[in-house]
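Position 6 (the sequence shown) corresponds to 6 in the numbering used here; numbering is contiguous. Just so it is clear, CB atoms sit at the ideal spot from N, CA and C, and this is done for glycine as well. What follows is one structure encoded as structure tokens, with my remarks underneath.
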Amino acid sequence: NSNVTIDAATSSGSGLDPHITVENALKQAPRIADARHVSTSRVADLIQHRKQRGVLTNDYVNVLELNIALDKMKD
């Protein structure tokens, strides 16, 4: 499926790596927003604010840190 990012199909997507690409996180934003009863734009903003720059890789986010921030978020 061309809509699946590479890290969703490799070790990062399997739970072995605490980071996922920003692209992968943003593709999941609508599902996360729905599950947490918040707007997709709020989830996307949170992802962008937690973005870490990759030197030789794509930008990424730490999934644990993102989940903690989502837990603290109120809509």
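Tell me whether the beta-carbon of residue i lies closer than 8 Å to the beta-carbon of residue j.
i: R97; j: L66; result: Because the chain in this structure spans residues 1 to 75, residue 97 falls outside the shown range and cannot be described.
Quick one: give me the first and last residue of the alpha helix (DSSP H) that residue i is part of.
i: V63; result: 63-72
i: T40; result: 40-49
i: N24; result: 22-36
Using the C-alpha atoms, what's the distance from residue j back to residue i?
i: H19; j: S39; result: 23 Å
i: A35; j: D59; result: 25 Å
i: E64; j: L70; result: Note that residue 64 is Leu in the sequence shown, not Glu. Rounded to the nearest angstrom, the two C-alpha atoms are 10 Å apart.
i: V43; j: T57; result: 23 Å
i: I32; j: M73; result: 12 Å
i: H77; j: N3; result: Here the chain has residues from 1 to 75 only, and residue 77 is not among them.
i: I68; j: V55; result: 25 Å
i: D17; j: E23; result: 16 Å
i: N1; j: P30; result: At N1, the pLDDT of 49 sits below 50, so the modelled position is not reliable and the matter cannot be decided from this model.
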